[in-house]
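Some notes on the structure that comes next.
What follows is the structure, encoded as C-alpha coordinates:
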(Lines of atoms letter the chains of each structure in order from A and count residues from 1; the text may use other names and numbers.)
(Lines give C-alpha, C1' and ligand atoms only; values in the text may rest on other atoms or scores of the structure.)
Protein backbone atom coordinates (compact mmCIF):
# COMPACT_ATOMS: atom_id res chain seq x y z
CA UNK A 1 0.00 0.00 0.00
CA UNK A 2 1.29 3.46 -0.89
CA UNK A 3 0.20 6.52 1.05
CA UNK A 4 0.97 10.00 -0.24
CA UNK A 5 0.18 13.28 1.43
CA UNK A 6 0.26 16.79 0.02
CA UNK A 7 0.04 19.89 2.18
CA UNK A 8 -0.76 23.33 0.78
CA UNK A 9 1.29 25.91 2.64
CA UNK A 10 -1.41 28.44 3.30
CA UNK A 11 -2.37 30.13 6.53
CA UNK A 12 -6.06 29.66 5.83
CA UNK A 13 -6.27 26.04 4.80
CA UNK A 14 -4.58 22.68 4.92
CA UNK A 15 -5.54 20.08 2.36
CA UNK A 16 -4.68 16.42 2.83
CA UNK A 17 -4.90 13.85 0.05
CA UNK A 18 -4.51 10.11 0.55
CA UNK A 19 -3.91 7.70 -2.32
CA UNK A 20 -4.17 3.98 -1.54
CA UNK A 21 -2.96 1.47 -4.13
CA UNK A 22 -2.86 -2.32 -3.82
CA UNK A 23 -1.23 -4.21 -6.70
CA UNK A 24 -1.03 -8.00 -6.95
CA UNK A 25 1.21 -9.46 -9.65
CA UNK A 26 0.69 -13.02 -10.84
CA UNK A 27 2.57 -15.28 -13.17
CA UNK A 28 -0.11 -17.39 -14.84
CA UNK A 29 1.02 -20.96 -15.43
CA UNK A 30 -0.52 -23.66 -17.60
CA UNK A 31 0.10 -27.33 -16.85
CA UNK A 32 -0.75 -29.63 -19.76
CA UNK A 33 -1.03 -33.36 -19.15
CA UNK A 34 -0.91 -35.66 -22.16
CA UNK A 35 -1.26 -39.43 -21.86
CA UNK A 36 -0.32 -41.38 -24.97
CA UNK A 37 -1.57 -44.97 -24.83
CA UNK A 38 -0.37 -47.29 -27.58
CA UNK A 39 -2.28 -50.55 -27.86
CA UNK A 40 -0.84 -53.72 -29.40
CA UNK A 41 2.47 -52.20 -28.49
CA UNK A 42 4.83 -54.91 -29.67
CA UNK A 43 3.12 -55.19 -33.06
CA UNK A 44 3.21 -51.41 -33.45
CA UNK A 45 6.84 -51.25 -32.35
CA UNK A 46 7.89 -54.00 -34.77
CA UNK A 47 5.89 -52.47 -37.61
CA UNK A 48 7.09 -48.86 -37.37
CA UNK A 49 10.31 -47.02 -36.77
CA UNK A 50 8.60 -43.70 -36.02
CA UNK A 51 5.17 -42.94 -34.65
CA UNK A 52 3.76 -39.42 -34.26
CA UNK A 53 1.05 -38.60 -31.75
CA UNK A 54 -2.06 -36.58 -32.42
CA UNK A 55 -2.00 -32.81 -31.93
CA UNK A 56 -2.03 -31.63 -28.33
CA UNK A 57 -4.82 -29.19 -27.61
CA UNK A 58 -3.66 -25.54 -27.76
CA UNK A 59 -0.01 -26.56 -28.08
CA UNK A 60 2.16 -26.09 -31.20
CA UNK A 61 3.85 -29.48 -30.93
CA UNK A 62 3.38 -33.24 -31.05
CA UNK A 63 5.24 -36.17 -29.52
CA UNK A 64 7.36 -38.35 -31.80
CA UNK A 65 8.28 -41.88 -30.74
CA UNK A 66 11.33 -43.41 -32.44
CA UNK A 67 12.47 -47.01 -32.12
CA UNK A 68 16.24 -47.40 -31.92
CA UNK A 69 16.66 -51.04 -32.88
CA UNK A 70 20.44 -50.92 -32.70
CA UNK A 71 20.46 -49.91 -29.03
CA UNK A 72 17.06 -51.44 -28.25
CA UNK A 73 15.55 -48.21 -26.95
CA UNK A 74 12.45 -46.08 -27.37
CA UNK A 75 13.04 -42.33 -27.73
CA UNK A 76 10.35 -39.66 -27.37
CA UNK A 77 10.92 -36.22 -28.91
CA UNK A 78 9.08 -32.91 -29.18
CA UNK A 79 8.12 -32.04 -32.76
CA UNK A 80 6.70 -28.66 -33.78
CA UNK A 81 3.46 -28.59 -35.75
CA UNK A 82 4.08 -25.04 -37.03
CA UNK A 83 5.95 -24.20 -40.19
CA UNK A 84 6.72 -20.71 -38.94
CA UNK A 85 9.85 -20.81 -36.81
CA UNK A 86 8.61 -17.77 -34.87
CA UNK A 87 5.97 -19.93 -33.18
CA UNK A 88 8.15 -20.87 -30.26
CA UNK A 89 7.41 -23.98 -28.22
CA UNK A 90 6.49 -22.57 -24.83
CA UNK A 91 7.60 -25.20 -22.31
CA UNK A 92 9.42 -24.34 -19.11
CA UNK A 93 9.52 -27.73 -17.36
CA UNK A 94 8.35 -31.25 -18.13
CA UNK A 95 7.89 -34.61 -16.42
CA UNK A 96 7.49 -37.99 -18.16
CA UNK A 97 6.67 -41.43 -16.78
CA UNK A 98 5.13 -44.80 -17.64
CA UNK A 99 1.56 -45.06 -16.40
CA UNK A 100 0.90 -48.46 -14.85
CA UNK A 101 -2.37 -49.86 -13.56
CA UNK A 102 -2.08 -48.39 -10.05
CA UNK A 103 0.94 -46.09 -10.19
CA UNK A 104 3.46 -44.28 -12.34
CA UNK A 105 6.92 -45.71 -12.94
CA UNK A 106 10.24 -44.86 -14.59
CA UNK A 107 9.57 -41.18 -13.86
CA UNK A 108 12.02 -38.49 -14.98
CA UNK A 109 11.00 -35.93 -12.35
CA UNK A 110 10.55 -32.29 -13.32
CA UNK A 111 13.26 -31.14 -15.74
CA UNK A 112 13.98 -27.82 -17.42
CA UNK A 113 13.08 -27.99 -21.12
CA UNK A 114 15.77 -27.21 -23.70
CA UNK A 115 14.87 -26.98 -27.37
CA UNK A 116 17.51 -29.25 -28.89
CA UNK A 117 17.83 -32.66 -30.51
CA UNK A 118 17.93 -34.58 -27.23
CA UNK A 119 14.96 -36.83 -26.48
CA UNK A 120 12.48 -35.89 -23.78
CA UNK A 121 12.32 -39.45 -22.60
CA UNK A 122 13.80 -42.83 -23.35
CA UNK A 123 13.20 -46.34 -22.11
CA UNK A 124 14.92 -49.65 -22.83
CA UNK A 125 12.87 -52.21 -24.71
CA UNK A 126 14.50 -54.88 -22.55
CA UNK A 127 13.06 -53.22 -19.45
CA UNK A 128 9.57 -53.38 -20.94
CA UNK A 129 10.04 -57.03 -21.93
CA UNK A 130 11.25 -58.12 -18.49
CA UNK A 131 8.45 -56.25 -16.71
CA UNK A 132 5.72 -56.62 -19.28
CA UNK A 133 2.93 -57.34 -16.79
CA UNK A 134 3.79 -54.16 -14.89
CA UNK A 135 4.50 -51.69 -17.70
CA UNK A 136 2.31 -53.08 -20.49
CA UNK A 137 -1.17 -53.63 -19.13
CA UNK A 138 -3.13 -55.57 -21.77
CA UNK A 139 -0.20 -55.07 -24.14
CA UNK A 140 -0.70 -51.28 -23.97
CA UNK A 141 2.09 -48.80 -23.30
CA UNK A 142 0.84 -45.59 -21.66
CA UNK A 143 3.33 -42.74 -21.49
CA UNK A 144 2.37 -39.85 -19.22
CA UNK A 145 3.67 -36.38 -20.24
CA UNK A 146 3.30 -33.21 -18.16
CA UNK A 147 4.33 -29.81 -19.55
CA UNK A 148 4.50 -26.58 -17.56
CA UNK A 149 4.40 -23.33 -19.51
CA UNK A 150 4.01 -19.65 -18.66
CA UNK A 151 0.99 -17.88 -20.07
CA UNK A 152 1.64 -14.28 -19.03
CA UNK A 153 2.27 -11.96 -16.12
CA UNK A 154 -0.63 -9.79 -14.99
CA UNK A 155 -1.25 -6.96 -12.54
CA UNK A 156 -4.52 -6.73 -10.61
CA UNK A 157 -4.96 -3.32 -9.03
CA UNK A 158 -7.34 -1.49 -6.73
CA UNK A 159 -6.89 2.15 -5.86
CA UNK A 160 -8.73 4.72 -3.82
CA UNK A 161 -8.03 8.45 -3.59
CA UNK A 162 -9.40 10.41 -0.65
CA UNK A 163 -9.35 14.21 -0.59
CA UNK A 164 -10.32 16.07 2.55
CA UNK A 165 -11.46 19.67 2.58
CA UNK A 166 -9.86 22.17 4.92
CA UNK A 167 -11.16 22.80 8.39
CA UNK A 168 -11.22 26.58 8.10
CA UNK A 169 -12.91 26.69 4.71
CA UNK A 170 -15.58 24.21 5.81
CA UNK A 171 -16.16 26.16 9.00
CA UNK A 172 -16.65 29.38 7.05
CA UNK A 173 -19.10 27.65 4.71
CA UNK A 174 -21.02 26.24 7.65
CA UNK A 175 -21.19 29.61 9.36
CA UNK A 176 -23.20 31.08 6.51
CA UNK A 177 -26.06 28.68 7.32
CA UNK A 178 -26.17 29.46 11.04
CA UNK A 179 -29.28 30.90 12.65
CA UNK A 180 -30.08 31.99 16.19
CA UNK A 181 -32.17 28.89 16.89
CA UNK A 182 -30.85 25.84 18.71
CA UNK A 183 -31.95 22.25 19.29
CA UNK A 184 -31.22 20.67 22.67
CA UNK A 185 -30.45 16.95 22.67
CA UNK A 186 -30.81 14.79 25.76
CA UNK A 187 -28.23 12.01 25.56
CA UNK A 188 -27.43 9.72 28.51
CA UNK A 189 -29.07 12.25 30.83
CA UNK A 190 -26.87 15.08 29.57
CA UNK A 191 -27.89 18.07 27.47
CA UNK A 192 -26.16 19.20 24.30
CA UNK A 193 -27.17 22.29 22.27
CA UNK A 194 -26.56 22.38 18.51
CA UNK A 195 -27.37 25.15 16.07
CA UNK A 196 -30.69 24.26 14.51
CA UNK A 197 -29.93 25.31 10.94
CA UNK A 198 -26.67 23.33 10.93
CA UNK A 199 -28.12 20.12 12.35
CA UNK A 200 -31.17 20.28 10.07
CA UNK A 201 -28.98 20.86 7.02
CA UNK A 202 -26.79 17.91 7.99
CA UNK A 203 -29.50 15.43 9.03
CA UNK A 204 -32.76 14.80 7.20
CA UNK A 205 -33.95 12.81 10.23
CA UNK A 206 -33.51 15.75 12.63
CA UNK A 207 -34.95 18.10 10.03
CA UNK A 208 -38.15 16.04 9.81
CA UNK A 209 -38.46 16.06 13.61
CA UNK A 210 -38.21 19.85 13.79
CA UNK A 211 -39.92 20.85 10.56
CA UNK A 212 -43.15 21.98 12.29
CA UNK A 213 -41.47 24.09 14.98
CA UNK A 214 -41.18 27.85 14.81
CA UNK A 215 -37.89 29.58 14.09
CA UNK A 216 -37.21 30.82 17.61
CA UNK A 217 -38.56 27.78 19.48
CA UNK A 218 -35.87 25.70 21.15
CA UNK A 219 -36.80 22.04 21.06
CA UNK A 220 -35.49 19.16 23.12
CA UNK A 221 -34.97 15.80 21.45
CA UNK A 222 -34.02 12.69 23.37
CA UNK A 223 -31.47 10.44 21.71
CA UNK A 224 -31.33 6.84 22.94
CA UNK A 225 -28.83 4.01 22.43
CA UNK A 226 -26.05 6.47 21.57
CA UNK A 227 -23.21 7.24 24.04
CA UNK A 228 -22.92 10.89 24.97
CA UNK A 229 -19.21 11.06 24.09
CA UNK A 230 -19.92 9.77 20.58
CA UNK A 231 -22.85 12.10 20.00
CA UNK A 232 -20.68 14.97 21.19
CA UNK A 233 -18.28 14.14 18.36
CA UNK A 234 -21.21 14.25 15.92
CA UNK A 235 -22.07 17.71 17.22
CA UNK A 236 -18.44 18.77 16.91
CA UNK A 237 -18.39 17.62 13.27
CA UNK A 238 -21.62 19.44 12.45
CA UNK A 239 -20.26 22.67 13.93
CA UNK A 240 -16.75 22.47 12.42
CA UNK A 241 -16.78 19.83 9.64
CA UNK A 242 -13.70 18.33 11.27
CA UNK A 243 -13.04 14.84 12.59
CA UNK A 244 -10.78 15.75 15.51
CA UNK A 245 -7.91 13.36 14.59
CA UNK A 246 -5.30 15.80 15.84
CA UNK A 247 -6.75 15.53 19.35
CA UNK A 248 -6.72 11.71 19.49
CA UNK A 249 -3.03 10.93 18.90
CA UNK A 250 -3.86 9.03 15.71
CA UNK A 251 -1.20 7.01 13.85
CA UNK A 252 -1.39 4.73 10.83
CA UNK A 253 -0.59 1.63 12.86
CA UNK A 254 -3.86 -0.30 13.03
CA UNK A 255 -2.85 -2.12 16.22
CA UNK A 256 -2.33 1.18 18.04
CA UNK A 257 -5.55 2.74 16.75
CA UNK A 258 -8.16 0.16 17.71
CA UNK A 259 -9.94 2.67 19.96
CA UNK A 260 -9.99 5.28 17.19
CA UNK A 261 -11.33 2.77 14.64
CA UNK A 262 -14.08 1.74 17.07
CA UNK A 263 -15.03 5.42 17.40
CA UNK A 264 -15.22 5.70 13.61
CA UNK A 265 -17.54 2.70 13.37
CA UNK A 266 -19.73 4.15 16.12
CA UNK A 267 -19.91 7.40 14.17
CA UNK A 268 -20.76 5.49 10.98
CA UNK A 269 -23.67 3.76 12.74
CA UNK A 270 -24.97 7.02 14.24
CA UNK A 271 -24.55 8.91 10.97
CA UNK A 272 -26.51 6.15 9.22
CA UNK A 273 -29.36 6.37 11.76
CA UNK A 274 -29.50 10.18 11.58
CA UNK A 275 -28.84 10.24 7.81
CA UNK A 276 -25.76 12.45 8.08
CA UNK A 277 -24.35 11.23 4.78
CA UNK A 278 -21.16 13.30 4.57
CA UNK A 279 -20.07 12.30 8.09
CA UNK A 280 -20.78 8.66 7.34
CA UNK A 281 -18.77 8.60 4.10
CA UNK A 282 -15.92 10.57 5.67
CA UNK A 283 -15.63 8.05 8.51
CA UNK A 284 -15.74 5.16 6.03
CA UNK A 285 -12.85 6.72 4.13
CA UNK A 286 -10.89 7.16 7.35
CA UNK A 287 -11.28 3.45 8.14
CA UNK A 288 -9.91 2.54 4.69
CA UNK A 289 -6.47 3.73 5.84
CA UNK A 290 -6.29 0.80 8.27
CA UNK A 291 -7.65 -2.03 6.10
CA UNK A 292 -5.18 -4.80 5.22
CA UNK A 293 -5.61 -8.26 3.74
CA UNK A 294 -5.08 -9.69 7.25
CA UNK A 295 -8.01 -7.83 8.84
CA UNK A 296 -10.23 -7.38 5.78
CA UNK A 297 -12.72 -10.14 6.68
CA UNK A 298 -13.21 -8.87 10.24
CA UNK A 299 -13.76 -5.29 9.09
CA UNK A 300 -16.09 -6.44 6.32
CA UNK A 301 -18.44 -7.75 9.01
CA UNK A 302 -18.32 -4.41 10.82
CA UNK A 303 -18.89 -2.49 7.60
CA UNK A 304 -21.93 -4.58 6.65
CA UNK A 305 -23.42 -4.38 10.15
CA UNK A 306 -22.92 -0.60 10.10
CA UNK A 307 -24.46 -0.28 6.61
CA UNK A 308 -21.18 1.25 5.42
CA UNK A 309 -21.65 0.49 1.72
CA UNK A 310 -18.69 2.53 0.47
CA UNK A 311 -16.32 0.85 2.92
CA UNK A 312 -17.78 -2.64 2.36
CA UNK A 313 -17.29 -2.42 -1.41
CA UNK A 314 -13.67 -1.33 -0.94
CA UNK A 315 -13.01 -4.27 1.40
CA UNK A 316 -14.69 -6.69 -1.03
CA UNK A 317 -12.36 -5.51 -3.80
CA UNK A 318 -9.35 -5.96 -1.53
CA UNK A 319 -10.51 -9.49 -0.62
CA UNK A 320 -10.95 -10.37 -4.29
CA UNK A 321 -7.45 -9.08 -5.00
CA UNK A 322 -6.01 -11.51 -2.43
CA UNK A 323 -8.74 -14.15 -2.74
CA UNK A 324 -6.45 -17.14 -3.27
CA UNK A 325 -4.87 -16.42 0.14
CA UNK A 326 -7.99 -15.33 2.03
CA UNK A 327 -10.28 -18.08 0.73
CA UNK A 328 -8.40 -20.77 2.69
CA UNK A 329 -8.70 -19.01 6.05
CA UNK A 330 -11.12 -20.34 8.65
CA UNK A 331 -12.49 -16.86 9.30
CA UNK A 332 -13.47 -16.36 5.66
CA UNK A 333 -14.91 -19.86 5.23
CA UNK A 334 -17.09 -19.40 8.32
CA UNK A 335 -18.23 -16.02 7.03
CA UNK A 336 -19.40 -17.26 3.62
CA UNK A 337 -20.95 -20.32 5.25
CA UNK A 338 -23.32 -18.09 7.23
CA UNK A 339 -23.81 -15.63 4.37
CA UNK A 340 -23.06 -17.13 0.91
CA UNK A 341 -24.18 -13.93 -0.84
CA UNK A 342 -21.01 -12.18 0.35
CA UNK A 343 -18.90 -14.55 -1.75
CA UNK A 344 -20.98 -13.76 -4.82
CA UNK A 345 -20.63 -10.03 -4.14
CA UNK A 346 -16.85 -10.39 -3.84
CA UNK A 347 -16.60 -12.23 -7.16
CA UNK A 348 -18.64 -9.51 -8.86
CA UNK A 349 -16.24 -6.76 -7.80
CA UNK A 350 -14.22 -5.26 -10.64
CA UNK A 351 -10.44 -5.02 -10.46
CA UNK A 352 -8.32 -2.98 -12.82
CA UNK A 353 -6.03 -5.22 -14.87
CA UNK A 354 -3.06 -3.89 -16.80
CA UNK A 355 -2.56 -7.06 -18.85
CA UNK A 356 -5.13 -7.07 -21.66
CA UNK A 357 -4.41 -10.73 -22.45
CA UNK A 358 -5.28 -11.96 -18.98
CA UNK A 359 -8.07 -14.56 -19.04
CA UNK A 360 -10.76 -13.79 -16.48
CA UNK A 361 -11.56 -16.81 -14.31
CA UNK A 362 -14.18 -17.26 -11.61
CA UNK A 363 -11.91 -16.63 -8.66
CA UNK A 364 -8.68 -15.53 -10.37
CA UNK A 365 -6.71 -18.67 -9.68
CA UNK A 366 -3.00 -18.61 -10.52
CA UNK A 367 -3.00 -21.42 -13.06
CA UNK A 368 -5.17 -23.53 -15.30
CA UNK A 369 -4.77 -27.27 -15.59
CA UNK A 370 -5.49 -28.87 -18.92
CA UNK A 371 -5.54 -32.63 -19.17
CA UNK A 372 -5.34 -34.30 -22.52
CA UNK A 373 -5.63 -38.07 -22.70
CA UNK A 374 -4.80 -39.71 -26.00
CA UNK A 375 -5.26 -43.37 -26.81
CA UNK A 376 -3.89 -44.71 -30.10
CA UNK A 377 -5.90 -47.65 -31.44
CA UNK A 378 -3.98 -49.11 -34.42
CA UNK A 379 -3.96 -46.11 -36.80
CA UNK A 380 -6.50 -43.94 -34.94
CA UNK A 381 -5.90 -41.80 -31.88
CA UNK A 382 -8.66 -40.40 -29.73
CA UNK A 383 -8.02 -37.40 -27.46
CA UNK A 384 -10.04 -36.22 -24.54
CA UNK A 385 -9.55 -32.74 -23.17
CA UNK A 386 -10.48 -31.60 -19.73
CA UNK A 387 -9.87 -27.92 -19.04
CA UNK A 388 -10.59 -27.34 -15.36
CA UNK A 389 -11.74 -23.79 -14.69
CA UNK A 390 -11.11 -22.46 -18.23
CA UNK A 391 -12.70 -24.63 -20.88
CA UNK A 392 -15.28 -27.33 -21.33
CA UNK A 393 -14.44 -30.89 -22.29
CA UNK A 394 -13.99 -31.61 -25.95
CA UNK A 395 -13.55 -34.83 -27.87
CA UNK A 396 -11.10 -34.97 -30.73
CA UNK A 397 -10.61 -37.71 -33.29
CA UNK A 398 -7.50 -37.64 -35.40
CA UNK A 399 -5.56 -40.09 -37.57
CA UNK A 400 -2.03 -40.76 -36.33
CA UNK A 401 0.82 -40.27 -38.78
CA UNK A 402 2.73 -43.52 -39.18
CA UNK A 403 6.12 -43.53 -40.91
CA UNK A 404 7.58 -46.89 -41.86
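Residue numbers (the UniProt record's numbering): 1 to 404. We treat Cβ as the ideally placed atom computed from N, Cα and C, and that holds for glycine.
Looking at 343, 89 and 200, the one whose alpha-carbon comes closest to that of residue 316 is 343.
Secondary structure of residue 114 (DSSP, three-state): coil.
DSSP places residue 152 within a strand segment (E or B) once states are collapsed to three.
Counting along the chain, the unbroken beta strand (DSSP E) around residue 26 starts and ends at 16-38. Out of 191, 271, 153 and 192, the CA that lies nearest to the CA of residue 205 is found in 271. Within 10 angstroms of the beta-carbon of residue 185 lie 16 or more other beta-carbons, which makes it buried. As computed with DSSP, residue 105 is found in a beta bridge with 98. Residue 119 and residue 34 have their alpha carbons spaced roughly 16 Å apart.
One alpha carbon belongs to residue 65, the other to residue 83, and they sit about 20 Å apart. Under DSSP, residue 79 forms a beta bridge with 62. Counting C-beta pairs closer than 8 Å gives fewer than three between the segment 181-197 and the segment 50-69, which falls short of the contact rule. Take the alpha-carbon of residue 314 and the one of residue 20: they are about 11 Å apart.
The secondary-structure analysis by DSSP pairs residue 195 across a beta bridge with 182. Between residue 321 and residue 351, the C-beta spacing is below 8 Å. Distance between residue 208 and residue 273, taken at the CA atoms: about 13 Å.
One Cα belongs to residue 286, the other to residue 264, and the distance between them is close to 8 Å. Taking 8 Å as the cut-off, the Cβ atoms of residue 151 and residue 74 do not count as close.
Of the residues assessed, residue 153 falls on the exposed side of the cut-off, its CB having fewer than 16 other CB atoms within 10 angstroms.
Between residue 25 and residue 140 the beta-carbon gap is near 44 Å, outside 8 Å, which marks them as no contact. Looking at the DSSP output, residue 223 bridges to 187. Nearest in C-alpha terms to residue 67, of all of 104, 88, 297 and 41, is 41.
Here residue 284 is buried, its C-beta having at least 16 other C-beta atoms within 10 Å.
Within a 10 Å sphere around the beta-carbon of residue 44 sit 16 or more other beta-carbons, which makes this residue buried. DSSP links residue 68 through a beta bridge to 73.
Secondary structure note for residue 311: its alpha helix (DSSP H) is the uninterrupted segment 309-321.
Inter-residue distance for residue 319 and residue 196 is about 42 Å (C-alpha atoms, whole angstroms). Judged by DSSP secondary structure, residue 294 falls outside any beta strand (DSSP E); it is assigned neither H nor E.
Residue pairing by DSSP places residue 236 in no beta bridge whatsoever.
Taking all protein chains shown into account, residue 76 has 16 or more neighbouring C-beta atoms within 10 Å of its C-beta and is therefore buried. With respect to residue 98, residue 53 sits apart: the two C-beta atoms are not nearer than 8 Å. Annotation for residue 121: the continuous beta strand (DSSP E) segment containing it runs 121-124.
Excluding five sequence positions before and after residue 269, the CB atoms of its chain that fall closer than 6 Å to its own CB belong to 306, given in chain order.
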